[in-house]
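Participant: Residue numbers (the numbering used here): 38 to 998.
Please read through the structure below; I'll follow up with questions.
In structure tokens form, the structure reads like this:
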């Protein structure tokens, strides 16, 4: 209530000052402010000197009114809606800017009143102060107006939000009771918290959150490792765990074969962590089990069969037939091309419309407040330039004093001088942009437009767009990795081998430069001619942009929905019997929701599936060194990670809007975990990320940040807290273009788990398993597996977990370590003739001594099981690498000899035919059998557990499935 009163008071004060000013004589006071000389001022004033004096005197009332109202609005935002540290800094800077604008305005009025008596020099000084004043007002007054609107909106909807929270909480309790009545004991036990705060726990908005500023004291490594090992409640340590790597359809095929061979061992496992392509298969298994596990008509639970996706099953046959899931056939290719072009046009259209609206506003601004004269070259007046130089000189003085304070070790003075230096630099640059850059753009476009070359501009735009699309396609072309490997394998100079990569970078930078130049031209053209556009265009363009920006979800204009739908066509199936008794694999309906909390639940005889993704964050305060992402997992019980917190999946589903809720399904979790192409790609070059953002070639999505949900979901939360967005609007696209991902934002950009770690091994070790099985199909044809080395280093750095693999063991994975298939000469050569080439020599260099190695896991502290018993600090690691060995079946070796890239086809190649699908699946089955030999199934009878009998409706003891 107090906030509403203050907002209304701010509006009333400003309205009163404006009304008093309108009662004064109507004069061209803006022209007088920027006259710059007595001669120009005399031209503006004429014979109305008395009227100008009256207007200038009345302006003091308006200055006081907008100063008080703006300061009051900004102070109100600091007390209500500015809950984050950077927002509070902006509030302080905003209030300082308003006060500075008030000082400049008062000084300018006094100089003008003195200049009207016949003096020349006050007009030049007044023009300089007026230039700074208008810049500060343009920056601060609109922000204050937006603040007042936000305060009034939140106050109006606060009661509705409280009622909605009560209704959703009651619905959640009802659903929980209903599940317990039906016998669903998956979530039995103590009530799980809705939100698990990130480490270290801090109050969001009141202090730096999550609190790892460079000025904070460093944490001990033991505390850092313990905090990094935190998992959601209910996930016990110990037991067997599997992780399957990323790698697109290649990894999906290998994972399918490996898990088929390991199905008996998989029944005993506690966790199954999947990344990217490995998630294709694990998600398919999860959905197939969910499709077989149905609720009886009597409301009782019926367990499904455990043979889904086994060899010869309908599910396996369906996936094999749809392994070209992206597009197969003319019709699907047209749909895929249409989806890409739709996203490209949507992104470019929104960004171009934003530039046009900005140019239109600047065009009218320069007309009403002529900070620069567009008829003169270079387009600015002398006093405005002197104001820019004055600000930069003040910055230089502050910088010098800052160095002196550092030398004298005056910390408080040093901090204040540093802030003053940055303030003057930013103000000088902004003023230079307003009075130099934008007028120069307008002048340049005016000269270009006078050449009467609209046709040339249109043709240039078409050529630029064609070049842009060409480079985008060539950058993501599915065979480019094959071409690069072919060049690298040739015995040429390092420069020649680097040409494909160098050419890609040059093409991307060329397109970005062309796009930047085109954007400047569009902005300059709008500044030059925007005021002369038809009234319908000037009104309709901002209105249409506002409606689209407020109602269009940016994730749904990207390629994420298309990618998710195409994956679902190949992997999202359930078994169904036709009237003839034949069992078929039926795809899920296109619009059928598959909530992660329900369809992703743990089934009897199957481990808990954890989809490993990555949450992108700006800066390096929270992310591991060298990365710009942290772990983000999605499972039926919780979503999130130790660095951003965890949110309960079912509660998050109930408390989010339908648009965002569609990204909390099993199908979406699979797609997000495999969102390799995105505007944030971990360690990938920033140029590529910007290109993907501009082209809308984005596979990731924005999901709620668990770290802020605790404050937003609290029914006692302050009404000034921002609500969770119901739609991801235009600002989220602009964040992807600019690469800004604040760690305390309400939404996080979640992308491919490989942007954090591509094996899922670190996430599996975070859960503290005593036996970890890693299926590595991550690709890479070098001597060493880079993904395994990165996972070992990251586990040591983030968790304090050491992985030890003996040298004689890891050398077995190196291609060429196996004995040759034959001798160097297949048959004696005739006397005097060279020996015939060995047809298997090339294959010998690709053979490894083994596909499976064992290692030791050493945890920094003892593991504890669900009963509190210590399990020790040692564990067992089994790594199964997708590589060739001499004892493989004949069909695999024959396929390998005919296909030089097997088993390391590029991840960008997602078009597998049935033969290549079978080859990778057979490879996965082969390495799975080798792992199964190291994990014998216990012969003892399985544990009994209580289950619901469908016939009697009573609990009965039965073995695990």
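Note that the Cβ used here is the ideal one computed from N, Cα and C, for glycine as well.
Please list the terminal residues of the continuous beta strand (DSSP E) segment that includes residue 305.
Facilitator: Here residue 305 refers to the residue found at position 268 when the chain shown is read from its first residue. Here residue 305 belongs to no beta strand (DSSP E); instead the alpha helix (DSSP H) covers 300 to 305.
Participant: Which whole-angstrom value describes the C-beta separation of residue 908 and residue 916, a residue pair presumed to lie in contact below a C-beta threshold of 8 angstroms?
Facilitator: Indexing the chain shown from 1 puts residue 908 at position 871. Indexing the chain shown from 1 puts residue 916 at position 879. That belief does not hold up - the Cβ atoms of residue 908 and residue 916 are roughly 21 angstroms apart, past 8 angstroms.
Participant: Name the one or two DSSP bridge partners that residue 891 has.
Facilitator: In the chain shown, the residue the question calls residue 891 occupies position 854. Residue 891 pairs with 915.
Participant: Could you give the residue range of the beta strand (DSSP E) that holds residue 789?
Facilitator: As a position in the chain shown, residue 789 is number 752, starting the count at 1. First-last of the beta strand (DSSP E) with residue 789: 784 to 789.
Participant: Output the boundary residues of the beta strand (DSSP E) element that contains residue 653.
Facilitator: To locate residue 653, count along the chain shown from 1; it is residue 616. Counting along the chain, the beta strand (DSSP E) containing residue 653 begins and ends at 645 to 653.
Participant: Could you compute how far the alpha carbon of residue 302 sits from the alpha carbon of residue 959?
Facilitator: As a working note, residue 302 is residue 265 in the chain shown. As a working note, residue 959 is residue 922 in the chain shown. Approximately 19 angstroms, taken between the alpha carbons.
Participant: Does the stretch 543 to 552 touch the stretch 722 to 735, meaning 3 or more C-beta pairs lie closer than 8 angstroms?
Facilitator: The answer is yes - the stretch 543 to 552 touches the stretch 722 to 735, with three or more Cβ pairs under 8 angstroms.
Participant: How would you label residue 334, buried or exposed, when you count the other beta carbons within 10 angstroms and need 16 or more for buried?
Facilitator: The count along the chain shown starts at 1 and reaches residue 334 at position 297. With a pLDDT of 34 at residue 334, under the threshold of 50, the modelled position of that residue is not reliable, and the figure given next carries that caveat. Exposed, by the Cβ-count rule.
Participant: Please go through the same chain and pick out, in chain order, the residues whose beta-carbon is closer than 7 angstroms to the beta-carbon of residue 450, but skip the five residues on each side of it.
Facilitator: Taking the chain shown and counting its residues from 1, one reaches residue 450 at position 413. So the list reads 442, once near-sequence residues are dropped.
Participant: I'd like the ranges of any beta strand (DSSP E) spanning at least 3 consecutive residues and lying wholly in the stretch 702 to 752.
Facilitator: Fully enclosed beta strand (DSSP E) runs of 3 or longer: 738 to 741.
Participant: How many Å lie between residue 423 and residue 661 at the Cα?
Facilitator: For the purposes of this step, residue 423 is identified with residue 386 of the chain shown, where counting begins at 1. For the purposes of this step, residue 661 is identified with residue 624 of the chain shown, where counting begins at 1. Their backbone Cα atoms lie some 46 angstroms apart in a straight line.
Participant: Do residue 153 and residue 89 count as a contact pair if the criterion is CB distance below 8 angstroms?
Facilitator: For this step, residue 89 is matched to residue 52 along the chain shown. For this step, residue 153 is matched to residue 116 along the chain shown. Taking 8 angstroms as the Cβ cut-off, residue 89 and residue 153 qualify as a contacting pair.
Participant: Return helix, strand or coil for residue 835, following the three-state DSSP convention.
Facilitator: Your numbering for residue 835 matches position 798 in the chain shown. It is helical.
Participant: Return the CA-CA distance between residue 566 and residue 142, expressed in angstroms with no decimal places.
Facilitator: What you label residue 566 is simply residue 529 of the chain shown in a count that begins at 1. What you label residue 142 is simply residue 105 of the chain shown in a count that begins at 1. C-alpha separation (whole angstroms): 30 angstroms.
Participant: Determine the direct distance from the alpha carbon of residue 626 to that of residue 607, and round the result to whole angstroms.
Facilitator: Here residue 607 refers to the residue found at position 570 of the chain shown. Here residue 626 refers to the residue found at position 589 of the chain shown. Spanning the two alpha carbons is a distance of roughly 12 angstroms.
Participant: Beta-carbon within less than 7 angstroms of residue 557's beta-carbon, same chain only, minus the 5 sequence neighbours each way: which residues are those?
Facilitator: Taking the first residue of the chain shown as position 1, residue 557 is located at position 520. Only 478 meet the Cβ criterion.
Participant: Quick check: what's the CA-CA separation for residue 652 versus residue 287?
Facilitator: Against the chain shown, residue 652 aligns to sequence position 615. Against the chain shown, residue 287 aligns to sequence position 250. Going from the Cα of residue 652 to the Cα of residue 287 covers about 24 angstroms.
Participant: Near residue 1072, which residues of its chain fall below 8 angstroms by C-beta distance, leaving aside the five closest residues on each side in sequence?
Facilitator: There is simply no residue 1072 to check, as the chain begins at 38 and stops at 998 in what is shown.
Participant: Just to confirm, is the Cβ distance from residue 778 to residue 591 under 8 angstroms?
Facilitator: Stepping through the chain shown from its first residue, residue 778 is reached at position 741. Stepping through the chain shown from its first residue, residue 591 is reached at position 554. Not a contact, by the Cβ cut-off of 8 angstroms.
Participant: Could you tell me the boundaries of the beta strand (DSSP E) in which residue 614 lies?
Facilitator: For the purposes of this step, residue 614 is identified with residue 577 of the chain shown, where counting begins at 1. Residues 610 to 614.
Participant: For residue 484 and residue 560, I'd like the C-alpha separation in whole angstroms.
Facilitator: As a position in the chain shown, residue 484 is number 447, starting the count at 1. As a position in the chain shown, residue 560 is number 523, starting the count at 1. Cα-Cα distance, rounded: 15 angstroms.
Participant: Where do the ends of the alpha helix (DSSP H) carrying residue 437 lie?
Facilitator: In the chain shown, residue 437 corresponds to position 400, counting from 1. Note, residue 437: alpha helix (DSSP H), 419 to 444.
Participant: State the Cα-Cα distance for the pair residue 999 and residue 298, rounded to the nearest angstrom.
Facilitator: Residue 999 lies beyond the range of the chain shown here (38 to 998); nothing can be said about it.
Participant: Tell me the DSSP secondary structure of residue 461 in three-state form.
Facilitator: For this step, residue 461 is matched to residue 424 along the chain shown. Residue 461: helix per DSSP, three-state reduction.
Participant: Could you please give the first and the last residue of the uninterrupted beta strand (DSSP E) stretch that includes residue 846?
Facilitator: Numbered from its first residue, the chain shown carries residue 846 at position 809. From DSSP, residue 846 is part of no beta strand (DSSP E) but of the alpha helix (DSSP H) over 844 to 847.
Participant: Please report how far the alpha carbon of residue 308 lies from the alpha carbon of residue 296, in whole angstroms.
Facilitator: As a working mapping, residue 308 is identified with position 271 in the chain shown. As a working mapping, residue 296 is identified with position 259 in the chain shown. Between residue 308 and residue 296, the C-alpha separation is close to 13 angstroms.
Participant: So, does the stretch 263 to 279 touch the stretch 771 to 791, judging by three or more C-beta pairs under 8 angstroms?
Facilitator: With a cut-off of 8 angstroms, the stretch 771 to 791 and the stretch 263 to 279 do not count as touching, because too few Cβ pairs lie within range.
Participant: Any idea what DSSP makes of residue 998, helix, strand or coil?
Facilitator: If you number the chain shown from 1, residue 998 lands on position 961. Because the pLDDT at residue 998 is just 32, under 50, the model does not fix this residue reliably, and the value given afterwards should be weighed accordingly. If DSSP states are grouped into helix, strand and coil, residue 998 belongs with coil.
Participant: What do you get for residue 50, buried or exposed, if any count of 16 or more other CB atoms within 10 angstroms of its CB means buried?
Facilitator: Numbered from 1 along the chain shown, position 13 holds the residue referred to as residue 50. When all chains shown are included, residue 50 counts as buried.
Participant: From residue 56 to residue 595, what does the alpha carbon distance come to, in whole angstroms?
Facilitator: As a position in the chain shown, residue 56 is number 19, starting the count at 1. As a position in the chain shown, residue 595 is number 558, starting the count at 1. Going from the Cα of residue 56 to the Cα of residue 595 covers about 48 angstroms.
Participant: With a CB to CB cut of under 8 angstroms and the five nearest residues on each side skipped, what residues in its chain are close to residue 324?
Facilitator: Translated into the one-based positions of the chain shown, residue 324 becomes position 287. Here the set comprises 608, 609, 610, 611, 625, 631, 636, 703 and 704.
Participant: Which same chain residues end up closer than 6 angstroms to residue 52 when comparing Cβ atoms and leaving out the 5 residues on each side of it in sequence?
Facilitator: On the chain shown, position 15 is the one that residue 52 refers to. Answer for residue 52: no residue qualifies.
Participant: Put residue 320 into one of helix, strand or coil per three-state DSSP.
Facilitator: Along the chain shown, one-based indexing puts residue 320 at 283. Reduced to three states, the DSSP call for residue 320 is helix.
Participant: Who are the Cβ neighbours of residue 282 in its own chain at under 7 angstroms, not counting the five residues just before and after it?
Facilitator: Against the chain shown, residue 282 aligns to sequence position 245. Closer than 7 angstroms at Cβ, skipping near neighbours: 288, 312, 315, 795, 796, 797, 812, 813, 814, 815 and 824.
Participant: Once DSSP output is grouped into helix, strand and coil, what is the label at residue 85?
Facilitator: Residue 85 sits at position 48 when you count from the first residue of the chain shown. Coil, per DSSP.
Participant: Give me the Cβ distance between residue 168 and residue 468, rounded to the nearest whole Å; I'm assuming they're in contact under 8 angstroms.
Facilitator: Residue 168 sits at position 131 when you count from the first residue of the chain shown. Residue 468 sits at position 431 when you count from the first residue of the chain shown. Correct: roughly 7 angstroms between the Cβ atoms.
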